[in-house]
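Working notes, structure below.
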Amino acid sequence: MVNSNKNVDFDDPLSLSDIEYKNLTSFTRTQHDHVLSYIPASALKTSINRSPRCAIACLLMKLRLGVSNSVLASMLGIDNKRKVADIIHSTSAALIKYFVPHYLGLAHINREEIKKHTSSIATRLLTENRNPCILVHDGTYLYIQVQLSFYICFATSIFYFHEQKSRNNQMQRKTFNLHKNRSLIKPLVAVTTTGYIVSVFGPFFSDNSNNDASILKHIMINNYDDILQWVEENDIMILNRGFRDSLGVLKSLGIDVAMPSFFGPKQNQSDVQDANNSR
11 MVNSNKNVDF
21 DDPLSLSDIE
31 YKNLTSFTRT
41 QHDHVLSYIP
51 ASALKTSINR
61 SPRCAIACLL
71 MKLRLGVSNS
81 VLASMLGIDN
91 KRKVADIIHS
101 TSAALIKYFV
111 PHYLGLAHIN
121 REEIKKHTSS
131 IATRLLTENR
141 NPCILVHDGT
151 YLYIQVQLSF
161 YICFATSIFY
171 FHEQKSRNNQ
181 MQRKTFNLHK
191 NRSLIKPLVA
201 VTTTGYIVSV
211 FGPFFSDNSN
221 NDASILKHIM
231 INNYDDILQW
241 VEENDIMILN
251 RGFRDSLGVL
261 KSLGIDVAMP
271 SFFGPKQNQS
281 DVQDANNSR
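Residue numbers (the numbering used here): 11 to 289.
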C-alpha cells in the first residue's frame, strides 16, 4: 500500500488543481499521463514510498523546482532524502529506457520525416535538385553551479553531477571554460532547419581539448548514436566557423558542409558570391 500521509498527493486526482499540478511539475495532468503510459509496471513498481505516478512527479519536481531531496521528502511524505535519491535515479533510468528513445536520438525518426522538417528556403539554397537530409549541428552548454546536484538525461545515458569546490581538481579543470569563465559541460545538438531536435550528443567536458570541432570529430569517428549508419553520402551539415577543423573528417565521409566563408588575406569584406553563399 502506498503511503497516504502526504502533503502533495499525485495519486489522488482531486488533491491538486490543474494550476497546482503545472506549477509543481511544469507538466499538465494529460502530459503526465502521456509520459506514464510509456513506462511498464515492471520498470517502476508501486511501493510504500511511491507509486509510478508519484515517482515521475518526484523527478519532475526536482527538475522544475530545484529543491533539495530533504524538501521533496517532506512534500511527498517520504521517510528520508536517500529514498528520494533512489526514486529519482530509478525514474530517470526508466524514462531513458522506455520514453526518451521515442522522442530523441537518430533512431526515433527516419530520413523521410527529417526531410519533412526541412524548411523550403534551406531546400532551395542548399540541395541543388538533390534530396539529401539537412541537419544543423551546434554546441551548447549547461552551467554547473557550486553545491548543486542534478540529473541530466540524454538519449543514451543518465548523468548525475554534484559540483562542489574543489575536492576533485582534475574535474574542475576539465569543466572550467575560459571563454565563459565558469564551470560548464557541453552537449552537441543536432536539429533540423525548422528547429526540430533530432538528437543530443554528450555531454562533454569544456576544457581546451573539447572545442566544437573536436567534439564533432569525436562523435563521427566513434559512431555516436550509430550516426555513420544513419547519414548518407551528400547529406548536408550546416555548421558555424567554429567547426572548421572537422571539415576533413566530414568530407572523407562524403558529407557536404554548409559553412560561412572566411575572409582572405587583406580582405575587409566578402565578395558577392561568398556573401550569398554564407547567408
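We put the beta carbon where it would ideally sit given N, CA and C, even for glycine. Computed from a prediction, not measured in an experiment: that's the story for all the values here.
Could you give the residue range of the alpha helix (DSSP H) that holds residue 258?
The sequence position of residue 258 within the sequence shown is 248, counting from 1. Start and end: 257–262.
Using DSSP with H/G/I as helix, E/B as strand and the rest coil, what is residue 241?
Taking the first residue of the sequence shown as 1, we reach residue 241 at position 231. Three-state DSSP puts residue 241 in coil, outside helix and strand.
What number of angstroms, rounded off, separates the C-alpha of residue 221 from the C-alpha of residue 47?
Your numbering for residue 221 matches position 211 in the sequence shown. Your numbering for residue 47 matches position 37 in the sequence shown. Residue 221 and residue 47: Cα-Cα distance of roughly 39 Å.
Could you tell me the distance, in whole angstroms, from the CA atom of residue 137 to the CA atom of residue 37?
Start at 1 with the first residue of the sequence shown, and residue 137 comes out as number 127. Start at 1 with the first residue of the sequence shown, and residue 37 comes out as number 27. Approximately 39 Å, taken between the alpha carbons.
Can you tell me whether residue 51 is buried or exposed, with buried defined as 16 or more other CB within 10 angstroms of its CB?
Position 41 of the sequence shown, counted from the start, is the residue given in the question as residue 51. Exposed.
Candidates 201, 27, 92, of which the one nearest residue 83 by Cα:
Walking along the sequence shown from the start, residue 83 turns up at place 73. Ranking 201, 27, 92 by Cα distance to residue 83 puts 92 first.
Report the rounded CA-to-CA distance for residue 293 versus residue 200, giving the unit in angstroms.
Coverage of the chain is limited to positions 11 through 289, which leaves residue 293 absent and any answer about it impossible.
Using CA coordinates, which residue listed in 206, 218, 230, 213 is at the minimum distance from residue 123?
Here the question's residue 123 lines up with position 113 in the sequence shown. Closest by alpha carbon: 206.
Check whether residue 198 and residue 187 have beta carbons under 7 Å apart
Taking the sequence shown and counting its residues from 1, one reaches residue 198 at position 188. Taking the sequence shown and counting its residues from 1, one reaches residue 187 at position 177. No; because the gap between Cβ atoms is not below 7 Å, this pair is not in contact.
Option nearest residue 30 by Cα separation, candidates 121, 67, 58, 53:
Within the sequence shown, residue 30 is the residue found at index 20, counting from 1. Of 121, 67, 58, 53, the residue nearest in Cα terms is 67.
Among 241, 248, 263, which one has its Cα closest to the Cα of residue 119?
On the sequence shown, position 109 is the one that residue 119 refers to. Of 241, 248, 263, the residue nearest in Cα terms is 241.
What residues in its chain sit with their C-beta under 6 Å from that of residue 234, if we drop five residues either side in the sequence?
Along the sequence shown, one-based indexing puts residue 234 at 224. So the list reads 211, once near-sequence residues are dropped.
Start and end of the beta strand (DSSP E) containing residue 62?
As a first step, residue 62 is located in the sequence shown; it is residue number 52 there, counting from the start. It is not in any beta strand (DSSP E) - residue 62 instead sits in the alpha helix (DSSP H) that spans 62–75.
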